[in-house]
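K.L.:
Residue numbering for the sequence shown follows full-length UniProt numbering, starting at 1 and increasing by one per position. Beta carbons are placed, not taken as given, at the ideal position from N, Cα and C, and that holds for glycine.
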Amino acid sequence: MDTTKFQKEPLRRLFSYLPPYKWLIGAALISMIVSASTSPLMAMLLGKLTDLGFYEKNGLVAIWAPLALIGISILHGAGQFGSNYLLQKVSQSVLLQVRTEMFEKMIHWPDETVQKESSGRVISRYVNEASQALSSASEVLTVMIRDSLQVIGLLFLLLWHNWQLTAVTLVVGPFLILILKAVSTRMKKLQTTNQQTFGVMISLLTEIYQAERLVKIYNAYKFEEERFSHVNRMLKGLAIKSKVVQSLGTPLTQIVSMIGVAVVVFVALIQAQQNMLSFSEFVTYISAMLLMLPAIKKLANLNGNIARMSAAAASLYEMMDIPTEKNPGDREIGRIKGDVEFKNISYKYPSAEQPSLTNFSLKVKAGQMVALVGASGAGKTTVINLIPRFLVPNQGEILFDGISQNQLTLKSIRDQIALVTQDVVLFDDTIAANIAYGAGENATEEQIIQAAKAAYLMPLIESLPEGLNTVIGERGSKLSGGQKQRVSIARALLKNAPILLLDEATSALDTESEKYIQASLEELQQGRTSFVVAHRLSTIVNADMIVVLDNGAIVECGTHFELLEKGGHYAHLYNIQFNDKSAHDASAKSND
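This is how it looks when you write it as structure tokens:
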């Protein structure tokens, strides 16, 4: 593999965003040229001052020399400000575009990718590395153009004044290149490791923040402190190593440069003794060299900046190149009746050894309520996730009203489906906004209230001072578990889709709430195809069809009473739950 080409590719892609800003970059370039040109002017002015002010004692020099110095400084400052401002504007515009593209990619990742990627690593790339890549790019462009032009301009001045001295100066060039190459290679490796470790830290912080009650109840403070301390120490070590490499590179560059200056002074003194060099020429020459040293120092650090930019850009594009979900077909359809058919569906999770479903076939008529029952790992949730195509079958197809999903767009498929899961997802927004999520401004207040009533939310809403406009906090932190679930159910009801997926939808509800919700769900499921996963079998006794799964295959199928009469898997599960409930009720009565 051509490693050099591989390393350059992320930078090429990063700079491909620049053409739309060519006029701003052009103006920045002019500003840099103006700024860089002031250094040779300053060196020449200092040389002239030596002759006119100290030898010829020209009285006008006292007037125009200070003015000239101020003028050159103003020109230099204006050029610097212009280039910095314009490049920052370009940098932030590109950053906006890159982050937008990253976000659009991320929200279209397949479900399998989302489960695999660390949230901390994704956030680190999105927030930290995107900013670092663009800020480094701006700095690199500034140094490459402005400081290079400054060095070139001063070098021409040196050659013009005394080519012999300049030849001596250029001898140190190869040594500088060797130092810069060594520093650059080491810096890039350290920067890549640093970014990966930073992602681990963000992931760890996110995990601990979300599990703060678990940490407290298990008194796991020491354990978590040690975990964090380990990552924190790793970052500290990497930061120190990076600084050591960078700090060694800068003084080594300066030492080599100063050796060059010392040799120049030695040769200049010999030339002066032989009347080959005047004092004013020496002043001009040394001034030019001293003005060139800060620019050389920045160029010496350029490789470190390029290494940081390259590592950040490579990490960014690694994420942006993750394949997104693809439309299985290009056909758009409106609202369906609700017939759903599974034809020989098989699915195996990438990390699993055994398939989760094998040759799963099932026909469901519009308006039917289908309950999926079985032990943990039987394949119930896999069936639920296949319907909206969160998971793509390895074999077989799913049909809506006789139309294969393979012919449809993802939007057409998911427009037909509303979903309520056991793990409730709510946003740090108002109750109304969470209920109307996805519908946006198309949902009226009356529709939101109707959905809230059906989900038994109105008593809560009416008790709050802000009502529907109450902000519920991050992940709905201001609500109880049952209240969160009811908001989620109201959101699904508002969508009014022909297919309803309920994955343990009533699991977080208290007994009283469940009674009202269950009644509402049964009424609202009329005319809607419903797939229900429930461990509490009492909630699915009225299902039109109960499908019992075991090891990814259907072992029983029928109504509640048909399966009880059969005395198989379902009857066994039901009797276990019924006996447990009877024992619990008897215990409660004896305690009373």
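1) Taking C-beta to C-beta, are A443 and L500 nearer than 8 Å?
2) Would you report the Cα separation of E466 and K116, rounded to the nearest angstrom?
3) Between the C-alpha atoms of A432 and I123, what's the straight-line distance to the nearest angstrom?
4) Can you tell me whether DSSP reads A583 as helix, strand or coil?
5) Is P110 close to chain E? Criterion is C-beta to C-beta, closer than 8 Å.
6) Leaving out the 5 sequence neighbours to the left and right, which residues in its chain are closer than 8 Å to N469 when beta-carbon positions are compared?
7) Just list the residues that DSSP pairs T430 with in beta bridges.
8) Which residues share a DSSP beta bridge with M545?
9) In this structure, does DSSP put residue 633 in helix, strand or coil?
10) Contact check, F390 vs D339 under 8 Å by CB: the rounded distance?
11) So what's D111 in DSSP terms, helix, strand or just coil?
12) List the endpoints of the continuous alpha helix (DSSP H) containing N385.
13) Could you round the C-beta distance between M44 and T284 to whole angstroms and report it? I think they count as a contact, below 8 Å.
14) Which of the three DSSP states, helix, strand or coil, is assigned to Q92?
15) Give a yes or no on whether the C-beta atoms belonging to A490 and A454 are separated by under 8 Å.
16) Report the CB separation of L165 from A268 in whole angstroms; it is logged as a contact under 8 Å.
17) Quick check: what's the CA-CA separation for S376 versus E139?
18) What does a CB cutoff of less than 6 Å around G82 pick up in its chain, not counting 5 residues either side in sequence?
19) Between the C-alpha atoms of T4 and L11, what's the straight-line distance to the nearest angstrom?
20) Report the three-state DSSP secondary structure of N344 (helix, strand or coil).
21) Going by alpha carbons, who is nearest to L141 out of L86, T113 and L96?
22) Apply the 10 Å Cβ neighbour rule to H572 and answer buried if 16 or more other Cβ atoms are within range, or exposed otherwise.
23) Here's the rule: buried if 16 or more other CB atoms are within 10 angstroms of the residue's CB, otherwise exposed. What is Y349?
24) In the structure shown, what three-state DSSP assignment does F531 receive?
25) Is the beta carbon of T409 sitting closer than 8 Å to the one on G334?
26) Give me the Cα-Cα distance between A130 and M102, rounded to the nearest whole angstrom.
27) Would you mind giving the Cβ-Cβ distance between D428 and E397, rounded to the nearest angstrom? I have them listed as a contact below 8 Å.
28) Count the other CB atoms, across all protein chains shown, that sit within 10 Å of the CB of Q577; report buried if there are 16 or more and exposed otherwise.
29) Looking at the unbroken beta strand (DSSP E) that takes in T324, where does it start and where does it end?
30) Looking only at DSSP bridge pairs, what is I417 linked to?
31) In chain order, what residues of the same chain have a beta carbon less than 6 Å from the beta carbon of S530, not counting five sequence neighbours either side?
32) L46 to L235, Cα distance in whole Å?
33) Along the chain, where does the alpha helix (DSSP H) containing G568 start, and where does it finish?
34) Per the contact definition of three or more C-beta pairs closer than 8 Å, is the stretch 543-561 in contact with the stretch 371-387?
35) When the Cβ atoms of the stretch 356-372 are set against those of the stretch 538-552, are three or more pairs found closer than 8 Å?
36) Reducing DSSP to helix, strand and coil, say where Q395 ends up.
P.N.:
Once the coordinates are examined:
1) no
2) 40 Å
3) 28 Å
4) For A583, the predicted structure reports a pLDDT of 38, less than 50, and the residue's modelled location is therefore unreliable. A value from the coordinates is still provided. The answer is helix: DSSP assigns A583 an H, G or I state.
5) The structure shown has no chain E; it contains just one protein chain.
6) T430, I431 and A432
7) V471
8) V370
9) Nothing about residue 633 can be read from this structure; the chain reaches only from 1 to 592.
10) About 21 Å; that fails the 8 Å criterion.
11) helix
12) K380 to L386
13) 6 Å
14) helix
15) yes
16) 6 Å
17) 55 Å
18) S31
19) The pLDDT assigned to T4 is 43, lower than 50, so where the model puts this residue is not dependable; a value taken from the coordinates is nonetheless given after this. For T4 and L11, the distance between alpha carbons rounds to 11 Å.
20) strand
21) L86
22) exposed
23) exposed
24) strand
25) no
26) 9 Å
27) So it is not a contact: roughly 39 Å between Cβ atoms.
28) exposed
29) Careful: T324 lies outside any beta strand (DSSP E) and carries neither H nor E.
30) I499
31) M369 and L500
32) 48 Å
33) That residue, G568, is in no alpha helix (DSSP H); it is neither H nor E in DSSP.
34) yes
35) yes
36) strand
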